[in-house]
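Protein chains in written order, with our numbering: chain A, 31 to 248; chain B, 599 to 706. Cβ coordinates follow ideal geometry from the N, Cα and C atoms, glycine included. Have a look at the structure below before the remarks.
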Amino acid sequence: MAAKQVNPTRMELTRLKKKRITAIRGHKLLKDKRDELMRQYLDIVRENMEVRVKVEAGIKSANRNFVIAKAGMSEAALNTALMAPKQEIALEPGGKNVMSVDIPTFEYKMRTADENDIYSYGFAFTSSDLDGAVKSLADVLPAMIRLAEVEKACQLMAAEIEKTRRRVNALEHVIIPETEESIKYITMKLDENERSTQIRLMKVKDMMLEEAHHYSEK
Amino acid sequence: MYKIAVVGDYDSIYGFAAVGLDICPVKDREEMRGRLKQLAEDGYGIIYITEKAAEELGSGLDEYRERRLPAVIQIPGVSGNTGAGVEGVKKTVEQAVGSDILFGGIGE
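As structure tokens, this is what we get:
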């Protein structure tokens with residue numbers, strides 16, 4: 031029995047057949063989309079993990095350097111040294127399209143090309159540990175930006191994969207079987223009607239012949 | 599043109615100012631939530647947040663996960679690495695694949 035009530039008419043049957051064709055096509059396309067997304071996702075998530083481990087190690091050692099630097103000088107001097115940064119970083123907005131997922135890309139540009147502009151202080155009143163600390167942080171920065179890029183890509187793609195997977199499953203396990211069930215129901219019903227009409231005609235014909243020739247009396 | 603911000607306790611993030619990131623020292627949870635929202639609307643492309651701050655925020659970060667921008671990225675703070683960042687990556691794998699088939703052994 032069909033899950034929902036359908037009208038057993040030819041028009042409904044044609045409509046349902048069209049719906050089934052569309053659903054099967056959509057199912058195939060979405061399945062392909064899911065597979066391709068998954069393939070790209072697995073590549074990128076491995077990179078994500080690698081970069082993350084690298085960045086975390088980098089930041090950890092940079093933090094250690096900063097703690098040492100802080101120990102070697104007064105808090106006020108440290109704050110003053112870092113108060114007015116010379117360097118500034120800006121991101122170029124960009125994006126790429128992976129299987130209709132809009133993924134942002136980050137190209138960064140420093141305000142000045144000079145590498146030494148990360149030192150925003152005169153060297154006279156700061157400890158040399160601070161220079162090393164700042165340098166170690168600057169070294170890990172490109173990896174940090176790459177991390178932001180891949181991690182965002184991973185999050186967006188994971189959400190999209192989840193959505194696509196739900197759609198594939200809904201089509202495969204709900205929409206398509208339901209439509210097929212309805213088609214079967216209508217076909218059966220129409221065939222049944224056909225047969226009952228046939229039988230009725232045969233009966234009527236018998237009755238008319240009986241009327242004309244009186245077979246049963248002979 | 600997007601900018602980059604770092605959110606967290608002052609001791610963990612002051613160094614980032616030198617390399618050209620904007621720092622936002624925050625203390626309590628409410629302030630953090632407000633600042634994060636403000637930064638997201640202000641055209642910041644990447645917001646780095648210390649794992650400790652992220653932990654305090656809790657589910658407040660989830661709304662940024664599925665948005666295109668900003669990318670909210672957890673980094674370890676000065677008090678050490680809590681593993682929340684790695685956990686976040688595993689969470690995406692779980693979301694995409696259904697279970698964590700890649701990094702089962704990492705970070706435990």
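The Cβ-Cβ distance between Ala178 of chain A and Ile647 of chain B does not fall below 8 Å.
Ile133 of chain A sits close to Leu186 of chain A, with the two beta carbons spaced by under 8 Å. Three or more Cβ pairs closer than 8 Å define a contact, and the region 687–704 of chain B meets that threshold against the region 61–76 of chain A. Non-local beta-carbon contacts of Ala168 of chain A in its own chain, meaning distances under 7 Å to residues more than five positions away in sequence, involve Ile148 in chain order. Our two residues, Leu637 of chain B and Tyr215 of chain A, have alpha carbons roughly 58 Å apart in a direct line. In the structure shown, Lys625 of chain B falls within a coil segment according to DSSP collapsed to helix, strand and coil. Ala669 of chain B has a beta carbon lying within less than 8 Å of a beta carbon in chain A.
Taking 8 Å as the cut-off, the Cβ atoms of Val83 of chain A and Ala616 of chain B do not count as close.
Thr680 of chain B and Lys58 of chain A have their alpha carbons spaced roughly 43 Å apart. The alpha carbon of Ala651 of chain B has as its nearest neighbour, out of B:Arg665, B:Ala669, B:Val624, B:Asp640, the alpha carbon of B:Val624. Listed as beta-bridge partners of Ala603 of chain B by DSSP are B:Asp620, B:Ile645.
When the five nearest sequence neighbours on each side are left out, the beta carbons in the same chain lying within less than 6 Å of the beta carbon of Leu619 of chain B are those of Ile602, Val604, in order along the chain. In terms of Cβ geometry, Glu664 of chain B and Ala682 of chain B do not form a close pair [threshold 8 Å].
By alpha-carbon distance to Leu121 of chain A, the top candidate from A:Leu171, A:Leu201, A:Arg197, A:Arg195 is A:Leu171.
The beta-bridge partner set that DSSP reports for Glu122 of chain A consists of A:Glu137. Under the DSSP assignment, Ala111 of chain A falls in the alpha helix (DSSP H) whose first and last residues are 105–111.
Arg141 of chain A and Glu118 of chain A have their C-alpha atoms roughly 5 Å apart. With a cut-off of 8 Å on Cβ pairs, the region 85–103 of chain A is not in contact with the region 233–246 of chain A, counting fewer than three such pairs. The Cβ of Ile647 of chain B sits no closer than 8 Å to any Cβ of chain A.
Among the CB atoms of chain A, none fall inside 8 Å of the CB of Gly632 of chain B. Under the Cβ criterion (8 Å, minimum of three pairs), the region 36–54 of chain A counts as touching the region 219–226 of chain A. Comparing C-alpha distances from Met129 of chain A to each of A:Ala183, A:Ser166, A:Val36 shows the shortest one belongs to A:Ala183.
Bounds of the beta strand (DSSP E) holding Val670 of chain B are 669–673. Ile205 of chain A is not a Cβ neighbour of Ala92 of chain A, given a cutoff of 8 Å. Partner residues in the beta bridge of Val128 of chain A, as assigned by DSSP, are A:Val131. Residue burial is scored here from C-beta neighbours: Leu231 of chain A has fewer than 16 other C-beta atoms within 10 angstroms and is therefore classed as exposed. Using a 10 angstroms sphere on the CB of Arg64 of chain A, the tally of other CB atoms reaches 16 or more, which defines it as buried.
For Lys601 of chain B, the chain A residues whose C-beta falls within less than 9 Å of its own C-beta are Glu118, Ile119, Ala120, Leu121, listed in chain order. Taking 7 Å as the upper bound on Cβ-Cβ separation, chain A lies near residues Ile671, Ile673, Pro674, Val676, Asn679, Gly683, Val684, Val687 of the region 671–688 of chain B.
For Arg141 of chain A, the chain B residues whose Cβ falls inside 8 Å of its Cβ are Gly618, in order along the chain. Judged by pairs of C-beta atoms under 8 Å, the region 156–163 of chain A touches the region 106–114 of chain A, as three or more such pairs exist.
Rounded to the nearest angstrom, the gap between the Cα atoms of Asp62 of chain A and Ile51 of chain A is 17 Å. The beta-carbon of Ile206 of chain A is placed no less than 8 Å from the nearest beta-carbon of chain B. Pairing Leu112 of chain A with Glu629 of chain B, the inter-Cα distance amounts to about 23 Å.
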